[in-house]
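Going line by line, the protein sequences match chains A and B.
Letter 382 of the first sequence, counting from 1, is numbered 578 in this note's numbering, and no numbers are missing.
Letter 96 of the second sequence, counting from 1, is numbered 160 in this note's numbering, and no numbers are missing.
Working notes, beginning with the structure itself.
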Amino acid sequence: MSAPLIGARVQRKEDYRFLTGAGQYTDDVSMQGQTYASFVRSPHAHAVIKKISIEKALKSPGVIRIFVGKDLADAKVGGLPCGWLITDVKGQPMKEPPFPCLAQGKVRHVGEKVAVVIAETQDQAQDAAELVKVDYEALPAVVDPKKASSSKPIHESAPDNVCYIWSIGEKAKIDEAFKGAAHVTRLEFLNNRLIPNAIEPRAANAQYSRSGEDYTLYVASQNPHVERLLMTAFVLGLPESKVRVVAPDVGGGFGSKIYLYGEDVVVTWASKQINRPVKWTAERSESFLSDAHGRDHVTVAELAMDKDGKFLAMRVITTANMGAYLSTFASCIPTILYATLLAGQYTTPLIYCEVTAVFTNTAPVDAYRGAGRPEATYVVERLVETAAREMKIDPAGIRRKNFIREFPYQTPVALQYDTGNYEATLKAAQRLADVSGFEKRKADSLKKNKLRGLGYACYIEACGIAPSNVAGSLGARAGLFEAGEVRVHPTGTVTVFTGSHAHGQGHETTFAQVVADRLGLGMEQVEVVHGDTSKVLFGMGTYGSRSIAVGGTAIVKALDKVVAKGKKIAAHLMEAAESDIEYDRGVFKVAGTDKKKTFGEVAFAAYVPHNYPLDKLEPGLNENAFYDPANFTFPAGTYVCEVEIDRDTGKTEIASFIAVDDFGKIINPMIVEGQVHGGLTQGIGQALTEGCQYDKSGQLLTGSFGDYCIPRASDVPSFQLDTRETACTHNPLGVKGCGEAGAIGAPAAVMNAITDALGVRDLAMPATAQTVWKNLQENRHARI
Amino acid sequence: MHAFEYHRPASSKDAVALIKGKTEARFLAGGQSLVQAMKLRLSSPTDLIDLGTIKELSAIKVSGNAVEIGAMTRHADVAGSSAVQKAIPALAALAGMIGDRQVRHMGTCGGSIANSDPAADYPAAVLGLGATITTSKRKIEADKFFTGLYETALEPGELITSVSFPVPKRAAYMKFKNPASRFAIVGVFVADFGGKVRVGVTGAGASAFRQADLEKALSAKFTVEAAAAIKVKPDGLNNDLHASPEYRAHLITVMAKRAVEAALK
């Protein structure tokens, strides 16, 4: 009998290979006859392409071929599809302008791909790319989403640059509720645009095989099956069987590697044209310019309350920047994954949200860690904190007054929360934060010429978008289930195949823990395989903190089938009735007797079926399952942040950060803590240091780590973490997901603390030292 | 990166001889700026003359009243030198604040000074301490060395061989870092030579400069209050995403104040 592995701090199986440089990333893959691609990218944010001259570049040493947009169009290579159809307020479909893999006659953002040069070496490809001469006729560009609709059209099919106007809630009823309110809190803010910056840049390496007439694409992707589906069915017009997509070790994604990108298509298509493998690995500068960015909302938010601070209604009007093109899931982020979260942890009975999605001459914007939910949490938690200050109610008290306390709870914005205990996480966080000692700490800080502030954020997130039929009715063009396979080998070791994809999360350990625990095996007997469409039966990949809740459950379903079949085999071996067989941690037993067969013995019998019920049962022990969840899962928690601001320089230090999360059942607390640390750091980054900036002409000003500041370890405190648990009610593991929580809750907690310290209503993110210093100058004599 | 010819001379004399006539050649010191620029294809020298194996350029000599640092001495070696720590602790501390650990083990004193990056740390010490720069041709006074944005008094083919820093009575360097690059938004080196105070400022202008008002006030009275009383004018200071001229002007006073406080400790 082994100790339970679910809930254990098992060291990560994958770390030895990562830490010793044995990981195999896409750029590590080199094939016979390897060639290298370099993309010629637009220096203009908006321009007509008058002429592309490639003659000089073709003569450059080592050049094999150069392709431009026309070559793709002539070969009938399609544009990139959008995976979610939003229907607007008038019942019309959103505008879906073509998204070519190489520009067709026009460029719409700096960094858009105009041509690709393929050469014998990377340097030769880059040298030649510099010689491709493109004549542009520059057009006026628009960067500011608020100015998009009055600017020159970016796409013919969207003359006012509006992709859609979408809403949820009954506006008239809510307007009425605002009229009767005792107090209304109103805030206007930007949710700053972020650049993802996975440690491994995007990369793709494709090979065409003349013998199999098929392709193999290695790609840094979060979801290889979706990549294959989109590329074959919508872009290249090939059967899925002709493209194998392998996403080997992948160094982070944060959403930015969910999508099908033009580069992936171009190298795949080109590998057949030149009949040699073609590799492209993004330079960091290319990542800044061309990875899908995140956030970028302009919002006016209002909260109506009665005289006691009870929430009556919320009204949120948002303009969301889509960038120049609709990336794969761009359209659902500021709608389905944003407006539906505006109830937060509260019983606000009436909520209206209207979202205008616009095109601008900037890189496409799509899901980035949290995807819509950080924006929603920021709206709710900044409003709630500000309301408490305005009404002179304790910020925790106003939250308590409005907490949802009975579950299941139907929100006014479509979601039904299955379970939660918001009081428990708030209480635990307050205790850890020593809230009662704050005034003393504040006085001590002031003696050092520092301003101290405290802020809360009580976040909720929805993970594992589901079920597929509901998502479909809301516009999803893909299923949202997950697949898993448990292959038991003759000696009783197990290989598990999952359609989820790990790119830093540690699935090889977490999933192995689930399997080893449920089957009663050792960790070393379980291998987890993911990321290869030729090995894994199917998958929807990893995003939206869905892997354990959806992918893990698919594996559990397959495990259940393995055990069920094992019981049949064991019953035969022990000459007992199947109904009398019990399975307990690696052993099949006949109930009430001491007869038993180990898992290994049963597996062996399944593959060496000499004593086996062949007339009733197929040999082998190999089961798969598809799992489509009945509902989202709803992790939630309370974060408390304390900041200290240097009055001389404006620099903010995070003095302490407490995070108490409810992720349901936790498989590996150590891995979960790592996920929370990373998420919090990214959330603190959004609040303090990160802000993508374009100038008015659409040039990216924050195009390198010299100007775009992702937080370092020294920028964050030693986090104090704790958890409370309410098990998810609709999956067998009781799990909810933990990948995004930190990034969702942290920005509001930090900004609530900073505005508290400064005594101001609002401050724009990122609250850099300069921003805070300016605010200190401006408000020197006018504190509230 | 564009292709280039690589040379590895054994002496500084050979290095200077090699560069003669090659107008687009560059000396390669630690490569922490040049190689980055080449990778970004912003710089494309025809030839790189690597100074990395020239032993005579890498040495630290401390005499009674000066610390002489060979041009190829790595930042980490200056930061870790007990002799420098004893003679001019502020200089060792400055070297220990440059970039990150990897940068400090490659970057060199001479390379930093020759590059005259407006936000580099060493130039603040060169001016603050009134150093003398020895080259393959001559000696150059600190005040005549930095001439503008990435511009110095060095002539084509002229090679820095060492830098001599006079030992002050007390000194300190304070830097307010750019959150992204960790270069100085403002760095202030304050050195008191017994009644005569020099203040070198980096990060704030086109190149490092001396701040006369602070020098005058601190020469009269070397106190935190004296520094705090100086309001620096923002005119001509750098303006970028991270700091306006007004913010930089303000930070010069704040960093000077903190440097004086540290020097007095």
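Cβ atoms here follow ideal geometry from the backbone N, Cα and C, with glycine treated the same way.
Since this is a predicted model, take the numbers as computed values, not measurements.
Proximal residues to residue i (C-beta, below 6 Å), its chain only, five neighbours per side dropped
i	result
residue 77/B	none
residue 65/B	102, 103
residue 389/A	489, 491, 492, 888
residue 201/B	222
residue 310/A	236, 238, 299, 330
residue 791/A	770
residue 197/A	Residue placement at residue 197/A is flagged as unreliable, the pLDDT there being 45, under the threshold of 50; the coordinate-derived value follows with that caveat. Excluding residues within five positions, the ones whose Cβ falls inside 6 Å are 781.
residue 881/A	906, 907
residue 1016/A	Here chain A covers residues 197 to 980 and nothing more, so residue 1016/A does not appear.
Residues of its chain near residue i, where Cβ-Cβ distance is below 7 Å and the 5 sequence neighbours each way are ignored
i	result
residue 354/A	291, 293, 555
residue 233/B	256, 257, 258
residue 473/A	227, 229, 230, 231, 401, 402, 403, 467
residue 161/B	185, 239
residue 156/B	142, 143, 145, 148, 149
Same chain only: Cβ atoms within 8 Å of residue i, ignoring 5 sequence neighbours per side
i	result
residue 586/A	379, 381
residue 872/A	855, 857, 915, 917, 934, 937, 938
residue 334/A	240, 242, 243
residue 608/A	365, 539, 544, 545, 546, 547
Residue i: contacting residues in chain A (beta-carbon distance under 7 Å)
i	result
residue 390/B	What the structure shows of chain B is the stretch from 65 to 329, and residue 390/B is not part of that stretch, so it cannot be assessed.
residue 311/B	966, 969
residue 318/B	844, 845
Contacts of residue i in chain A (Cβ-Cβ under 9 Å)
i	result
residue 308/B	966, 970
residue 65/B	319, 322
residue 231/B	Going along chain A, no residue has its Cβ under 9 Å from residue 231/B, so there is no contact; the nearest lies around 30 Å.
residue 346/B	The structure shown does not extend to residue 346/B, since chain B spans only 65 to 329, so no value can be given for it.
Residue i (DSSP reduced to helix, strand or coil)
i	result
residue 246/B	coil
residue 549/A	strand
residue 72/B	coil
residue 916/A	strand
residue 153/B	helix
residue 202/A	coil
residue 527/A	helix
residue 390/A	strand
residue 819/A	strand
residue 948/A	helix
residue 517/A	strand
residue 533/A	coil
residue 860/A	strand
residue 373/A	helix
residue 489/A	strand
Residues that residue i contacts on chain B, provided the C-beta gap is smaller than 8 Å
i	result
residue 897/A	305
residue 481/A	104
Closer than 8 Å at the beta carbon, the chain A residues around residue i
i	result
residue 315/B	845
Amino acids of chain B, ordered along the chain, whose beta-carbon sits closer than 7 Å to that of residue i
i	result
residue 573/A	The premise fails here: residue 573/A is roughly 24 Å from chain B at the closest Cβ pair, so nothing lies under 7 Å.
residue 558/A	Those do not exist, as residue 558/A stays about 17 Å from chain B at its closest Cβ, beyond 7 Å.
residue 889/A	305
Contact test: residue i Cβ vs the ligand ZN heavy atom, cutoff 7 Å
i	result
residue 255/B	Absence of the ligand ZN is noted for the structure shown, with no ligands found whatsoever.
CB of residue i within 8 Å of CB of residue j, strictly
i	j	result
residue 528/A	residue 538/A	no
residue 848/A	residue 884/A	yes
residue 202/A	residue 713/A	yes
residue 420/A	residue 728/A	yes
residue 328/A	residue 248/A	yes
residue 227/B	residue 173/B	yes
Neighbour flag for residue i against chain C, beta carbons, 8 Å
i	result
residue 214/B	Here chain C cannot be found, since the structure's protein chains are A and B.
In the stretch 316-337 of chain A, which residues sit with their C-beta less than 8 Å from some C-beta in chain B, listed in chain order?
-> 319, 322, 323, 326
Members of the stretch 911-932 of chain A near chain B, C-beta cut-off 7 Å | none
Would you list, in chain order, the members of the stretch 873-885 of chain A that have their beta-carbon closer than 9 Å to a beta-carbon of chain B?
-> 884, 885
Contacting positions in the stretch 235-267 of chain B - beta carbon closer than 7 Å to chain A = 240, 243, 244, 245
Contact set between the stretch 156-167 of chain B and chain A, restricted to residues whose Cβ is under 7 Å from the partner | none
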